[in-house]
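Top to bottom, those sequences are chains A and B. Under the numbering used here, think of the first position of the first sequence as 424, with each following residue one higher. Under the numbering used here, think of the first position of the second sequence as 273, with each following residue one higher. Glycine included, each C-beta is placed from N, C-alpha and C at the ideal position.
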Amino acid sequence: MASRLTAAQRRAIRVREWIIETLLFLAATSSVLVTLGIVFVLLYESFVFFEHVSLVDFLTDTFWTPLFADPRYGILPLVTGTLLSTVVALAVAGPLGLTAALYLSEFANPKVREVIKPALEMLSGVPTIVYGFFALLFVTPLLQKIIPGLPGFNILSAGIVIGIMIIPYVASLSEDAMRAVPQGLRDASYGLGATKLETAVRVVLPAATSGVAAAFVLGISRAVGETMIVAIAAGTQPNLTFDPREPAATITAFIVQVALGDLPHGSIPYQSIFAAGLVLFLMTLAFNIIGFWLRAKYREAY
Amino acid sequence: MTAIDTQSLPVSRRSGTRSSYSRHRRETVFKVLGLLATLVGLVALAALLFDLAVHGIPRLSWDFFFNFPSRRAVIAGILSAWVGSLLVILVTAAIAVPLGVSAGIYLEEYARKNIFTNIIEINVSNLAGVPSIIYGLLALGLFVYTFGTGRSIFTAGLTLALLILPIIIVATRAAIRAVPQALREGALALGATKWQVTRDHVYPAALPGVLTGVIIGVSRALGETAPLITIGALTFIAFLPTPPISTEPPFISFQWLWDSFTVLPIQAFNWVSRPGDDFHANAAAAGLVLLILTLSLNGAAIYLRYRLRKKLQW
Numbered sequence: 424m425a426s427r428l429t430a431a432q433r434r435a436i437r438v439r440e441w442i443i444e445t446l447l448f449l450a451a452t453s454s455v456l457v458t459l460g461i462v463f464v465l466l467y468e469s470f471v472f473f474e475h476v477s478l479v480d481f482l483t484d485t486f487w488t489p490l491f492a493d494p495r496y497g498i499l500p501l502v503t504g505t506l507l508s509t510v511v512a513l514a515v516a517g518p519l520g521l522t523a524a525l526y527l528s529e530f531a532n533p534k535v536r537e538v539i540k541p542a543l544e545m546l547s548g549v550p551t552i553v554y555g556f557f558a559l560l561f562v563t564p565l566l567q568k569i570i571p572g573l574p575g576f577n578i579l580s581a582g583i584v585i586g587i588m589i590i591p592y593v594a595s596l597s598e599d600a601m602r603a604v605p606q607g608l609r610d611a612s613y614g615l616g617a618t619k620l621e622t623a624v625r626v627v628l629p630a631a632t633s634g635v636a637a638a639f640v641l642g643i644s645r646a647v648g649e650t651m652i653v654a655i656a657a658g659t660q661p662n663l664t665f666d667p668r669e670p671a672a673t674i675t676a677f678i679v680q681v682a683l684g685d686l687p688h689g690s691i692p693y694q695s696i697f698a699a700g701l702v703l704f705l706m707t708l709a710f711n712i713i714g715f716w717l718r719a720k721y722r723e724a725y
Numbered sequence: 273m274t275a276i277d278t279q280s281l282p283v284s285r286r287s288g289t290r291s292s293y294s295r296h297r298r299e300t301v302f303k304v305l306g307l308l309a310t311l312v313g314l315v316a317l318a319a320l321l322f323d324l325a326v327h328g329i330p331r332l333s334w335d336f337f338f339n340f341p342s343r344r345a346v347i348a349g350i351l352s353a354w355v356g357s358l359l360v361i362l363v364t365a366a367i368a369v370p371l372g373v374s375a376g377i378y379l380e381e382y383a384r385k386n387i388f389t390n391i392i393e394i395n396v397s398n399l400a401g402v403p404s405i406i407y408g409l410l411a412l413g414l415f416v417y418t419f420g421t422g423r424s425i426f427t428a429g430l431t432l433a434l435l436i437l438p439i440i441i442v443a444t445r446a447a448i449r450a451v452p453q454a455l456r457e458g459a460l461a462l463g464a465t466k467w468q469v470t471r472d473h474v475y476p477a478a479l480p481g482v483l484t485g486v487i488i489g490v491s492r493a494l495g496e497t498a499p500l501i502t503i504g505a506l507t508f509i510a511f512l513p514t515p516p517i518s519t520e521p522p523f524i525s526f527q528w529l530w531d532s533f534t535v536l537p538i539q540a541f542n543w544v545s546r547p548g549d550d551f552h553a554n555a556a557a558a559g560l561v562l563l564i565l566t567l568s569l570n571g572a573a574i575y576l577r578y579r580l581r582k583k584l585q586w
């Protein structure tokens, strides 16, 4: 058949194939443009910011008050707020996610797993605004009954709800890593007389360490970047504290607070959200790279 | 060693190792604990649904869907919010689906293994981990102020499109990778060009998987709040965008792309940050509408994937 095509027809086909491949290639490069755009905007606007604020003050000052008459630009309170809510979230999602992963991978029968896994995935489909509502008007009042004097805005409640949100990330990725452990290791362990639990904890878990660590790191990255839950439930007051019962703003909550007001384009407080955004971007980038590396490591292992 | 009757041994008999009885009891305890830990998330989801339903259902009425927001909580509604959400999602899907699917097809079917392809791959998985609010900053600095697209439906749709692009690319690639090589070779052997193979055989076979990714992406975009707040979506909109169809020539108008807007999550955020139970009830009702939408989309995607896994026996 092909031989009956004229030379012109064949050339037309080649040209069409080339055009299509080029278009598809351009679509693929668009994702690189997005990254370049993000890096450019953050760096460019932050550069203007750092012409007015010294980098040393930014990194060492303990007050963040860009909207005050006497503005101070110390990122530390926002960073501690962000890390504190992440630690609380991890304290919830870590043990729960890991136990759930061990259970689903080693103990649950396939029928139970078929039902529970998709149901857990639904947790990541809940809009964060709804989680925020839940944190402020359900979890906080509940916590106030247990911890008297807990303020209406606090890191604890926001962190717990973020923890619930990231359970599926931690559980699902950890379970994948555990299931990737070869059956031979388990069989050998049973052969030596170990029970299922002993095999799960002392053989499967250590063998899946890097995958489980990757799951944790990606969960952390999600928690660090979470915005609406903290903006609603943890307050927008920058507060250098290590007590999760206090209200404190995170980097993301600060950006929301500024965006809701009507700051003039080009003012220093306006630039400050890009500087804060750059810090957030670098934090999540670091976690993502670690997670990526860890996952690549466990893929290699077996 | 002969078989040990585990029941007759003392529980705490310690001769270097734990007794078999206590070892097996630990196992049972862990099974229960594991199930409980797994269920905590689901219990939280149930509590959340229940809480929203209790506060929100009394507010759900015809008027709630067809009233504009108002300073008086009892007559406030979500008309501008759901219309806004619908239009923004249309723009998002119109941009993200062709772009994401094309990128996925290129990376799986066309790309040679070289440094550039590697960069694109690492880049996509990194983009998936960038917090949504950073996309908002990108949109604010680049679209709103540099390209001058304003705080409009178009800017919002474009921003969310970039946000869900990695989701769609990853899903497309996974779906295409699952198509067996023999299908391609068969078509190629009959003289089909690469594009004909891709368009007529690989892509149709991968379509359900692609669709799953698109649904998950759309559901994610529907619930996103932070990036839209960053670009300055208004929280109080008591009008609708310009209608897309008019009675005068040219009958179709795209003016709505440049109108200001609000969306469901932003409307809910506005209500939840006001003091007073009346507005909180509105927030619960709007949140409930949003939650039902996103959970049904997610449920559809999960169901689709589940059926796919059962059916796919190449």
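(message) Rounding to the nearest angstrom, what Cα-Cα distance links A:Ala671 and A:Phe556 in this structure?
(response) The sequence position of residue 671 of chain A within the first sequence is 248, counting from 1. The sequence position of residue 556 of chain A within the first sequence is 133, counting from 1. Their Cα atoms are separated by approximately 17 angstroms.
(message) Nearest by alpha-carbon distance to B:Thr364: which of B:Asn542, B:Leu576, B:Ala493 and B:Val326 is it?
(response) In the second sequence, the residue the question calls residue 364 of chain B occupies position 92. Nearest option by C-alpha distance: B:Ala493.
(request) Flag this pair as yes or no: are the beta carbons of A:Val584 and A:Ile652 separated by less than 8 angstroms? (result) To locate residue 584 of chain A, count along the first sequence from 1; it is residue 161. To locate residue 652 of chain A, count along the first sequence from 1; it is residue 229. Yes, these two residues count as a Cβ contact at 8 angstroms.
(request) Using the Cα positions of B:Asn570 and A:Ile442, report the straight-line distance between them to the nearest angstrom. (result) Residue mapping note: residue 570 of chain B aligns to position 298 of the second sequence, counting from 1. Residue mapping note: residue 442 of chain A aligns to position 19 of the first sequence, counting from 1. In a straight line, the C-alpha of B:Asn570 is about 36 angstroms away from that of A:Ile442.
(message) Please list the terminal residues of the continuous alpha helix (DSSP H) segment that includes A:Glu544.
(response) Along the first sequence, one-based indexing puts residue 544 of chain A at 121. Unbroken alpha helix (DSSP H) run through A:Glu544: Pro533 to Met545.
(message) At a CB distance below 7 angstroms, what residues from the stretch 550-564 of chain B approach chain A? Give them in sequence order.
(response) His552, Ala555, Ala556, Gly559, Leu562 and Leu563
(request) With DSSP as the reference, label B:Tyr417 as helix, strand or coil. (result) The residue you call residue 417 of chain B lines up with position 145 of the second sequence. In this structure, B:Tyr417 counts as coil in the three-state DSSP scheme.
(request) Determine the contact status of B:Ile367 and B:Ala433, defining contact as a CB-CB distance below 8 angstroms. (result) Reading the second sequence from its first residue, position 95 is the one you call residue 367 of chain B. Reading the second sequence from its first residue, position 161 is the one you call residue 433 of chain B. Going by C-beta atoms, B:Ile367 is nearer than 8 angstroms to B:Ala433.
(request) Can you check DSSP and say which residues form a bridge with A:Tyr496? (result) Numbered from its first residue, the first sequence carries residue 496 of chain A at position 73. DSSP output for A:Tyr496 lists A:Trp487 as bridge partner(s).
(request) Just mark A:Glu537 as buried or exposed, buried being the case when its beta carbon has 16 or more other beta carbons within 10 Å. (result) Walking along the first sequence from the start, residue 537 of chain A turns up at place 114. Exposed.
(request) Give the single residue among B:Glu496, B:Ser294 and B:Glu299 whose Cα lies nearest to the Cα of A:Ser726. (result) This structure cannot settle anything about residue 726 of chain A, because the visible part of chain A is limited to 424 through 725.
(message) Which same chain residues end up closer than 6 angstroms to A:Ala638 when comparing Cβ atoms and leaving out the 5 residues on each side of it in sequence?
(response) Translated into positions along the first sequence, residue 638 of chain A becomes position 215. Closer than 6 angstroms at Cβ, skipping near neighbours: Val593, Leu596 and Ser597.
(message) Short of 8 angstroms Cβ to Cβ, which residues in the stretch 319-339 of chain B face chain C?
(response) Checking the listed chains, one finds no chain C in this structure; the protein chains it contains are A and B.
(request) Within its chain, find whatever has a CB closer than 8 angstroms to the CB of A:Ala656; leave out the 5 residues flanking it on each side and keep chain order. (result) In the first sequence, residue 656 of chain A corresponds to position 233, counting from 1. Only Gly555, Ala558, Leu559, Val562, Thr563, Phe576, Asn577, Ser580, Ala581 and Val584 meet the Cβ criterion.
(message) Between the alpha carbons of A:Gly497 and A:Gln660, how many angstroms are there, rounded?
(response) Within the first sequence, residue 497 of chain A is the residue found at index 74, counting from 1. Within the first sequence, residue 660 of chain A is the residue found at index 237, counting from 1. Going by the C-alpha atoms only, they are around 14 angstroms apart.
(message) In this structure, how does DSSP classify B:Ile524 when only helix, strand and coil are distinguished?
(response) Looking up residue 524 of chain B in the second sequence gives position 252. Looking at B:Ile524 - three-state DSSP - the assignment turns out to be strand.
(request) Determine the burial state of B:Thr659: buried for a count of at least 16 other Cβ atoms within 10 Å of its Cβ, exposed for fewer. (result) This structure leaves residue 659 of chain B out entirely; chain B is present only between 273 and 586.
(request) Please report the Cβ distance between B:Pro499 and B:Ser404, rounded to the nearest whole angstrom; I am assuming they are in contact, meaning their Cβ atoms lie under 8 angstroms. (result) Start at 1 with the first residue of the second sequence, and residue 499 of chain B comes out as number 227. Start at 1 with the first residue of the second sequence, and residue 404 of chain B comes out as number 132. Going by Cβ atoms, the distance from B:Pro499 to B:Ser404 rounds to 5 angstroms, so yes, they are a contact pair.
(request) Report buried or exposed for B:Asp323, applying the criterion of at least 16 other Cβ atoms within 10 angstroms of its Cβ. (result) In the second sequence, the residue the question calls residue 323 of chain B occupies position 51. B:Asp323 should be labelled buried.
(message) At the level of alpha carbons, what is the spacing between A:Ala682 and B:Val416?
(response) The residue labelled residue 682 of chain A in the question sits at position 259 within the first sequence. The residue labelled residue 416 of chain B in the question sits at position 144 within the second sequence. A:Ala682 and B:Val416: Cα-Cα distance of roughly 13 angstroms.
(request) Indicate whether at least one CB of chain B lies closer than 8 angstroms to the CB of A:Val679. (result) Numbered from its first residue, the first sequence carries residue 679 of chain A at position 256. Yes, A:Val679 counts as interfacial toward chain B.
(message) Against B:Val263, what residues of chain A qualify as contacts under a CB-to-CB distance less than 8 angstroms, listed in chain order?
(response) Because chain B here runs from 273 to 586, residue 263 of chain B falls outside it and cannot be looked at.
(request) Examine chain A for any beta-carbon lying closer than 8 angstroms to the beta-carbon of B:Gly288, and answer yes or no. (result) Along the second sequence, one-based indexing puts residue 288 of chain B at 16. The predicted position of B:Gly288 is uncertain, since its pLDDT is 47 and thus under 50; no value can be drawn from it.
(request) Counting only the same chain and skipping the five closest in sequence on each side, list residues whose C-beta sits under 8 angstroms from that of A:Gly634. (result) In the first sequence, the residue the question calls residue 634 of chain A occupies position 211. Excluding residues within five positions, the ones whose Cβ falls inside 8 angstroms are Leu596, Ser597, Asp599, Ala600, Met601, Ala603, Leu717, Arg718 and Tyr721.
(request) Could you name each continuous alpha helix (DSSP H) segment of 4 residues or more that falls completely within the stretch 596-643 of chain A, going from the start of the chain to the end? (result) 606-614 and 619-622
(request) Flag this pair as yes or no: are the beta carbons of A:Thr551 and A:Thr650 separated by less than 8 angstroms? (result) In the first sequence, the residue the question calls residue 551 of chain A occupies position 128. In the first sequence, the residue the question calls residue 650 of chain A occupies position 227. Cβ distance < 8 angstroms, so A:Thr551 and A:Thr650 count as in contact.
(request) Report the option in A:Tyr467, A:Ala698 and A:Leu686 whose CA atom is closest to the CA atom of A:Phe491. (result) As a position in the first sequence, residue 491 of chain A is number 68, starting the count at 1. Here the closest residue by C-alpha is A:Leu686.
(request) Would you mind sorting A:Gly614 into buried or exposed? The rule is 16 or more other CB atoms within 10 Å of its CB. (result) Translated into the one-based positions of the first sequence, residue 614 of chain A becomes position 191. Answer is exposed; the Cβ neighbour count stays below 16.
(request) Flag this pair as yes or no: are the beta carbons of B:Gly328 and B:Ala553 separated by less than 8 angstroms? (result) Here residue 328 of chain B corresponds to residue number 56 of the second sequence, with the count starting at 1. Here residue 553 of chain B corresponds to residue number 281 of the second sequence, with the count starting at 1. Yes. Within cutoff.
(request) Going by CA-CA distance only, name the one from B:Val482, B:Asn395 and B:Ser357 that's closest to B:Arg374. (result) The count along the second sequence starts at 1 and reaches residue 374 of chain B at position 102. Residue identity differs from the one stated: residue 374 of chain B is Ser in this sequence, not Arg. Ranking the options by Cα distance to B:Ser374, first place goes to B:Val482.
(request) Could you tell me which chain A residues have their CB closer than 9 angstroms to the CB of B:Leu580, listed as they occur along the chain? (result) The residue you call residue 580 of chain B lines up with position 308 of the second sequence. Simply none; closest approach about 13 angstroms.
(request) Could you list which residues in chain B have their beta carbon closer than 8 angstroms to that of A:Glu440, in chain order? (result) Locating residue 440 of chain A in the first sequence gives position 17, where the first residue counts as 1. What A:Glu440 touches in chain B: Thr465, Lys466 and Trp467.
(request) Report yes if the C-beta distance between B:Leu409 and A:Phe697 is below 8 angstroms; otherwise report no. (result) For the purposes of this step, residue 409 of chain B is taken as residue 137 along the second sequence, with counting starting at 1. For the purposes of this step, residue 697 of chain A is taken as residue 274 along the first sequence, with counting starting at 1. It is a contact, given that the beta carbons lie within the stated cut-off.
(request) State the DSSP-derived secondary structure class of B:Ile350, mapped to helix, strand or coil. (result) Here residue 350 of chain B refers to the residue found at position 78 when the second sequence is read from its first residue. Note: B:Ile350 maps to coil in three-state DSSP.
(message) Within 10 Å of its beta-carbon, does B:Ile391 have 16 or more other beta-carbons around it, so buried, or fewer, so exposed?
(response) Walking along the second sequence from the start, residue 391 of chain B turns up at place 119. Answer is exposed; the Cβ neighbour count stays below 16.
(message) Using C-beta distances below 7 angstroms, list every residue in its chain close to B:Val369, excluding the 5 sequence neighbours before and after it, in chain order.
(response) Sequence index remark: in the second sequence, residue 369 of chain B carries index 97 (1-based). If you ignore the 5 residues before and after B:Val369, its C-beta comes within less than 7 angstroms of the C-beta of Ile440 and Val486, all in its own chain and listed in chain order.
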